[in-house]
Amino acid sequence: MAGPRRRDRHGRGLRGPLAPPEAPLSRTRAQRFDDLVRDEVRRLGQRWSRELAQVEFAVEEVPQVEPWADGADPVPLSETRSGGTAAPPSIVLFRRPIEARGDDEREVAQLIRDLLVEEVADLLGLSPESVDPSYDTPDD
Numbered sequence: 001m002a003g004p005r006r007r008d009r010h011g012r013g014l015r016g017p018l019a020p021p022e023a024p025l026s027r028t029r030a031q032r033f034d035d036l037v038r039d040e041v042r043r044l045g046q047r048w049s050r051e052l053a054q055v056e057f058a059v060e061e062v063p064q065v066e067p068w069a070d071g072a073d074p075v076p077l078s079e080t081r082s083g084g085t086a087a088p089p090s091i092v093l094f095r096r097p098i099e100a101r102g103d104d105e106r107e108v109a110q111l112i113r114d115l116l117v118e119e120v121a122d123l124l125g126l127s128p129e130s131v132d133p134s135y136d137t138p139d140d
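Be aware that the sequence shown starts at 1, since it is given in full-length UniProt numbering, and climbs by one per residue.
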């Protein structure tokens with residue numbers, strides 16, 4: 001018996017990609033998020049290259065949270081993991097919770113910037129304003 005039949009209802013064949021691979025439109029949301037993080041890390045590295053030389057930056061989809069948590073603690077957007085004897089310290093951003101809090105790419109980029117500044121400041125024992133003078137203290 002032959003393989004499954006595939007219908008081509010209008011005789012146009014299979015659709016190709018809507019945009020060429022090098023176009024920004026063809027990048028996935030995760031790839032665009034990684035680009036935003038990379039740009040911000042590069043920007044912070046221009047000022048703090050020596051202090052951040054051993055720090056690793058990473059993006060994970062979601063944080064590990066306890067499934068039985070009652071929801072009292074908010075879902076973290078980022079965290080700093082202290083390095084062990086063989087591992088350097090790392091700053092991790094959680095893509096899905098960050099994207100859920102931003103209405104558009106501009107807001108997500110600002111949130112990434114603020115989170116990285118806060119995490120770097122915490123790691124270096126400084127205030128966020130001293131790490132990045134353009135940091136705007138969030139209103140609580």
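By construction, the Cβ of each residue, glycine as well, lies at the ideal position given by its N, Cα and C atoms. In this text the structure is predicted, and so the values were computed from the model without any measurement.
Fill in: Pro76 vs Phe94 beta-carbon contact at 9 Å
It is a contact, given that the beta carbons lie within the stated cut-off.
Item to complete: Identify whether Ala121 lies in helix, strand or coil by the three-state DSSP scheme.
Response: Taken through DSSP and simplified to helix, strand or coil, Ala121 comes out as helix.
Worksheet item: Sorted by chain position, which residues of the same chain lie with C-beta nearer than 6 Å to Leu52's C-beta, five sequence neighbours on each side aside?
Response: Gly45.
Worksheet item: Between Tyr135, Val117 and Val108, which lies nearest to Phe57 when the distance is taken from Cα to Cα?
Response: Checked all of Tyr135, Val117 and Val108; the closest Cα to Phe57 is Val117.
Worksheet item: What alpha helix (DSSP H) runs, 4 residues minimum, are completely inside the stretch 23-69?
Response: Within the stretch 23-69, the runs of alpha helix (DSSP H) that reach at least 4 residues and sit entirely inside it are, in chain order, 29-48.
Practice prompt. Could you please give the first and the last residue of the uninterrupted beta strand (DSSP E) stretch that includes Val131?
Written response: It is not in any beta strand (DSSP E) - Val131 instead sits in the alpha helix (DSSP H) that spans Pro128 to Val131.
Discussion item. Below 8 Å on the Cβ atoms is my contact criterion, and I expect Arg101 with Leu111 to pass it. Report the Cβ-Cβ distance as a whole number of Å.
Written reply: Approximately 6 Å separates the beta-carbon atoms of Arg101 and Leu111; this is inside 8 Å, confirming the contact.
Item to complete: Check whether the Cβ atoms of Val55 and Pro89 sit closer than 9 Å, and answer yes or no.
Response: In this structure, Pro89 lies closer than 9 Å to Val55 by Cβ.
Worksheet entry | Which of helix, strand or coil DSSP assigns to Leu77 | Three-state DSSP puts Leu77 in coil, outside helix and strand.
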